Amino acid sequence: MSFFELLQESLPLFLQGMLLTLQLSVISLIIAMFIGLGSCLMNISKIKVLHWIAMCYINIIRGTPLLVQTFFIYFGVTKAFGLSMTALTAGIVALSLNAGAYLSEIFRGGIEAIPRGQTEAARSLGMSHGAALIKIILPQALRIVIPSVVNQCIITIKDTSIISVIGLAELTMVGSQIIARTFRSFEIWIIVGVFYFVIIYVLSKLSKLVEKRLSLAQGADTKFA
Amino acid sequence: MLKVQIQNLHKHFGSNEVLRGMDLDVEEGEVICLIGPSGSGKSTFLRCINSLEQPTDGMVVVDGKVITDKHADLDRIRENIGMVFQQFNLFPHLTVLRNITMAPMQCKKLKRADAEQRAHELLATVGLSEKWDCYPSSLSGGQQQRVAIARALAMDPALMLFDEPTSALDPEVVGDVLAVMRKLAKAGMTMIIVTHEMGFAREVADRVVFIDDGVIVEQGLPSQVFGAPQHERTRAFLEKVL
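These protein sequence lines map, in sequence, to chains A and B. For the first sequence, my numbering begins at 1 and goes up steadily by one. For the second sequence, my numbering begins at 226 and goes up steadily by one.
Quick look at the structure:
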């Protein structure tokens with residue numbers, strides 16, 4: 001079989017796999033944004049219990065491999081609590097929790113990079129702590145963290161390949177399945193790699209566009225003075 | 226009428242005693258200039274008045290409200306106290322107009338149209354009518370500071386605090402900012418100003434307060450403090466700066 005025959009034959013399977021990879025990535029990342037922002041706000045909160053919970057979450061996730069987390073959720077948690085969970089759900093839970101912890105720290109870095117004077121100015125005008133955070137600090141912080149957030153998105157997209165271990169036929173799994181049948185590992189892994197590359201390349205181009213838009217909306221250079 | 230009453234104000238940062246028992250009463254419409262060497266506690270003192278720094282001990286009453294009370298509604302009280310910072314602290318992600326309308330719309334629930342009309346009036350007062358649509362980064366330091374003053378005035382405060390408002394400015398624009406402050410003083414605003422501009426203090430202040438090492442060393446009319454300082458430390462300081 002020539003390379004093009006191989007490609008032609010496996011393309012429908014690959015497209016299905018890519019769809020699943022995209023589904024996993026997009027849903028997980030959206031949930032992770034909320035988890036990340038929520039746990040970040042808990043982390044910087046003055047309420048000790050909230051801070052403590054967030055710290056535990058972040059440390060546990062960052063201190064263990066995603067592979068272990070995935071097994072733990074899909075096999076461990078379901079068994080212990082008698083739940084039934086599809087592989088897709090388990091994959092989304094694992095990826096969201098994982099990315100959420102890293103995003104949380106990225107957001108915290110962004111918030112802490114905003115000069116204290118911004119909060120002081122807002123508070124001196126009579127704005128509450130919450131209003132100052134939402135109207136003044138977060139909009140500035142989110143702009144700063146875009147590159148790091150995009151970076152985390154890229155990592156998470158690639159991490160979906162780990163979810164293949166619980167039997168989800170995403171890109172990487174599709175690749176190994178086709179190889180099992182055709183023994184063409186060299187060509188197939190190249191094809192798999194190209195699929196990931198294209199997804200991530202498109203994402204980084206899009207993010208550059210967003211970054212440009214936002215910086216235009218704020219005047220050419222920002223001196224946070 | 227008394228606008229501000231400060232009694233026995235203490236502030237420690239760890240073991241470092243920055244304010245060591247300060248008392249000050251300010252009448253309505255009075256303009257007070259706080260002078261003194263850097264590190265003497267002037268700025269900390271000012272920041273205790275709107276509780277940006279929490280005093281370790283002592284009482285601060287502004288417009289009849291005890292701001293040092295544990296149960297004080299700080300947000301409501303601060304609406305009544307405008308503050309202008311050395312570094313301007315404009316919100317860089319908002320236009321000049323939105324910088325000014327943000328707090329009135331957020332805290333006083335003013336309608337956008339009303340807030341904007343007031344903002345345009347204030348911009349006219351500080352001489353920046355045409356800059357309403359600009360972002361802070363495109364303004365000079367002096368323009369930014371005048372916007373900051375307009376932003377504080379938009380809340381219709383009963384008292385204005387100025388923390389070295391001209392110290393971060395290029396010399397040629399200091400005059401523009403001082404002119405706005407002079408106008409404000411003439412209009413009867415109660416003002417407490419930390420400043421190194423001795424000429425301005427002499428001209429505009431009703432009372433000059435000399436602070437050193439966390440205590441009020443001497444206070445009085447500008448002509449008294451500048452002309453015939455009673456205290457050795459005041460004389461030593463004025464000799465260096467005048």
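Built from N, CA and C at the ideal position, the CB exists for glycine as well. In this text the structure is predicted, and so the values were computed from the model without any measurement.
Under a CB-based cut-off of 8 angstroms, is residue i close to chain B?
| i | result |
| --- | --- |
| G117(A) | yes |
| F224(A) | A caution first: F224(A) carries a pLDDT of 43, below 50, which makes its placement in the model unreliable, though a value can still be read off. So, interface residue. |
| G82(A) | no |
| A121(A) | yes |
| P147(A) | no |
| F3(A) | no |
| S45(A) | no |
| A113(A) | no |
| I178(A) | no |
Given residue i, which residues of its chain have a CB within under 7 angstroms of its CB, disregarding the five upstream and five downstream residues?
| i | result |
| --- | --- |
| R245(B) | H235, G439 and V440 |
| Q232(B) | D248, G283 and M284 |
| I179(A) | S185 and I188 |
Can you check which of these residues, the options, is closest to residue i by C-alpha distance?
| i | options | result |
| --- | --- | --- |
| R432(B) | G254(B), Q232(B), R303(B) and H237(B) | G254(B) |
| R301(B) | H129(A), L138(A), K158(A) and I30(A) | H129(A) |
| I417(B) | L446(B), L467(B), V398(B) and L386(B) | L386(B) |
| I134(A) | N59(A), I111(A), I154(A) and S148(A) | I111(A) |
| S207(A) | F183(A), R143(A) and H51(A) | R143(A) |
| V93(A) | G17(A), F183(A) and D159(A) | D159(A) |
| V202(A) | L22(A), P12(A), F3(A) and I163(A) | L22(A) |
| G261(B) | D250(B), D388(B) and K336(B) | D388(B) |
Residue i to residue j, Cα distance in whole Å?
| i | j | result |
| --- | --- | --- |
| L319(B) | R460(B) | 45 angstroms |
| L88(A) | I27(A) | 11 angstroms |
| D381(B) | N305(B) | 7 angstroms |
| W357(B) | L103(A) | 36 angstroms |
| V229(B) | G289(B) | 8 angstroms |
| Q455(B) | A404(B) | 30 angstroms |
| Q8(A) | L364(B) | 60 angstroms |
| Q118(A) | L315(B) | 7 angstroms |
| K333(B) | V321(B) | 19 angstroms |
| L67(A) | I31(A) | 19 angstroms |
| F224(A) | M127(A) | No answer about F224(A) holds up, because its pLDDT of 43 lies below 50 and its placement is not dependable. |
| D339(B) | N241(B) | 47 angstroms |
| C56(A) | V198(A) | 36 angstroms |
| R427(B) | M42(A) | 50 angstroms |
| G413(B) | A383(B) | 10 angstroms |
| Q69(A) | I61(A) | 8 angstroms |
| W189(A) | T172(A) | 8 angstroms |
For residue i, decide whether its Cβ has a neighbour in chain A, counting only Cβ atoms nearer than 8 angstroms.
| i | result |
| --- | --- |
| E304(B) | yes |
| C332(B) | yes |
| A328(B) | yes |
| Q230(B) | no |
| H237(B) | no |
| Q312(B) | yes |
| N275(B) | yes |
| P317(B) | yes |
| M416(B) | no |
Indicate, with yes or no, if the ligand MG has a heavy atom lying under 7 angstroms from the CB of residue i.
| i | result |
| --- | --- |
| D438(B) | The model depicted lacks the ligand MG and carries no ligand whatsoever. |
Starting from residue i, find everything on chain C with Cβ-Cβ shorter than 7 angstroms and list it in chain order.
| i | result |
| --- | --- |
| F270(B) | Included in the structure are the protein chains A and B, with no chain C among them. |
Please list the residues of the segment 283 to 302 of chain B that have a C-beta atom closer than 9 angstroms to any C-beta atom in chain A, keeping them in chain order.
L299, D300, R301 and I302
Please name the residues in the segment 380 to 396 of chain B whose beta-carbon is closer than 7 angstroms to at least one beta-carbon of chain A, in chain order.
M380
Chain B contacts made by the segment 97 to 109 of chain A, where a contact means CB separation under 8 angstroms:
none
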